[in-house]
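Read through the structure below, which is laid out as structure tokens, and then see the notes.
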Amino acid sequence: MKLMDENQTQDLFVFNNTDKAITSLETKDKIIWIEHEIPNRTGNIRHFMGTGDGDIVLTGKLLGTHQDKVNNKETLRNLALAGTILYLDSEGYADNLNGKYVITEIEIPERGGEPWDFTIVLTQFNN
2 MKLMDENQTQ DLFVFNNTDK AITSLETKDK IIWIEHEIPN RTGNIRHFMG
52 TGDGDIVLTG KLLGTHQDKV NNKETLRNLA LAGTILYLDS EGYADNLNGK
102 YVITEIEIPE RGGEPWDFTI VLTQFNN
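If you want this note's numbering, it's the position in the sequence shown, counting the first as 1, plus 1.
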């Protein structure tokens, strides 16, 4: 799964699940537990992905060194602040969540050396 630019030409944030598995799936509400490694970064992201009112909510933990967490937080924060229209490519998952989204809410409090909890809300973008 990855967040791409609107025209699907550039990967902006990639969740790589090569060595990880979906541990729970509820298709009614599209609730998915996923653990991913982020390429080119030390550390993992773990998140819960559910939908409600057309939004996709990603919650989980930023892991890795302090600098890894800072870098990943900054990447997501910049995408949110810029109002970047993102294309979600959910290839490989049972529920097709593909489409254009914008990050409408983001919360990633810093907690020293501990994993940082995060919540990101993606709202579907309609032309």
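Here a beta-carbon is modelled for each residue, glycine too, at the ideal position from N, C-alpha and C. In this text the structure is predicted, and so the values were computed from the model without any measurement.
- Secondary-structure assignment with DSSP links Glu106 through a beta bridge to Val122.
- With the rule of 3 Cβ pairs closer than 8 Å, the segment 96-103 does not count as touching the segment 67-78.
- Annotation for Leu59: the continuous beta strand (DSSP E) segment containing it runs Asp56 to Leu63.
- Each of Asn97, Phe126, Leu64 and Leu4 was checked against the Cα of Glu111, and the nearest Cα belongs to Leu64.
- Under the three-state reduction of DSSP, Leu98 is assigned to coil, being neither helix nor strand.
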